[in-house]
Amino acid sequence: MNIKKTVVASLIACMLPAVVMAKDISVGVSMALFDDNFLTILRTAMQKEMQKDGVKAQVEDAKGDVSQQLQQVQNFIGQGVDAIIVNPVDTNAVKPIMDQATKAGIPLIFVNRRPQAQLTDKMAYVGSDSVLAGRLQMEALA
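Going left to right, the sequence shown walks through residues -22 to -1, 1 to 120 as mature numbering (1 follows the signal peptide of the UniProt record, and there is no 0) numbers them.
Encoded structure:
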């Protein structure tokens, strides 16, 4: 878990321009569902790391609703956040989120669930590679 926290914090720091570093940094976080044990651990770890680094985080629960998650991202953009972190409700339905963030010029980081759409500039994915993990597990069993 420490690696994931470090990677998320590092990505946020690397994706923001140096000018932004001079002011308070704010990040909007949209989680697919708060009522999931792993996502609760992930959310808590992100909040703790951002607080430690002085990053203002606004964390929202999409409650498993794709349209609610898009609305949250639109609200983050309207508030002028410096970066957006999304744990997608549906990895096949992230294109509108990507389009909105791109249009606003705001870095977008997906966590834990890899989007099916191709990531573009100012976008990143932080999480495991399920195919590679499965291959390594099978090799270990062989």
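Glycine is no exception: its CB is placed at the ideal position from the N, C-alpha and C atoms.
Computed from a predicted model, the values in this text were never measured in an experiment.
Exposure label - residue i; buried when at least 16 CB within 10 Å
i	result
Asp60	buried
Ser45	exposed
Leu110	exposed
Arg113	exposed
Glu27	buried
residue 126	In the structure as shown, the chain starts at -22 and stops at 120, and residue 126 therefore has no counterpart that could be examined.
Ser108	exposed
Ala10	buried
Cα-Cα separation between residue i and residue j, rounded to whole angstroms
i	j	result
Ala23	Ile55	23 Å
Thr69	Gln47	12 Å
Thr80	Lys41	24 Å
Gln84	Ser106	It is Ile, not Gln, that sits at residue 84 in the sequence shown. If I take the Cα positions, the gap works out to 24 Å.
residue 121	Gly6	Since the first and last residues shown for the chain are -22 and 120, residue 121 lies out of range.
Gln29	Asp39	19 Å
Ala82	Gln96	18 Å
Other residues of its chain near residue i: CB distance less than 7 Å, five sequence neighbours each side excluded
i	result
Gln25	Ala35, Val37
Gln78	Val51, Gln52, Ile55
Ala(-5)	Low confidence applies here, because Ala(-5) scores a pLDDT of 49, under 50, leaving its location unreliable; read the following figure in that light. Once the five neighbours on either side are set aside, Ala(-5) has no close Cβ partner at all.
8 Å contact criterion, which residue i and residue j should meet: CB distance rounded
i	j	result
Val33	Ile63	About 11 Å separates the two Cβ atoms, so there is no contact after all.
Asn65	Val89	5 Å
Same chain, Cβ closer than 8 Å to residue i, five either side skipped, listed in chain order
i	result
Pro93	Pro66, Thr69, Val72, Met76, Tyr103
Same chain, Cβ closer than 6 Å to residue i, five either side skipped, listed in chain order
i	result
Leu86	Ile62, Ala79, Met101
Please specify which runs of the beta strand (DSSP E), each continuous and at least 3 residues long, are wholly inside the region 21 to 59, giving them in chain order.
-> The region 21 to 59 contains these whole beta strand (DSSP E) runs: 34 to 39.
Start-end ranges of the beta strand (DSSP E) lying completely within the region 74 to 114, minimum 3 residues | Those beta strand (DSSP E) runs which fall completely within the region 74 to 114 and span 3+ residues are 86 to 89, 101 to 104.
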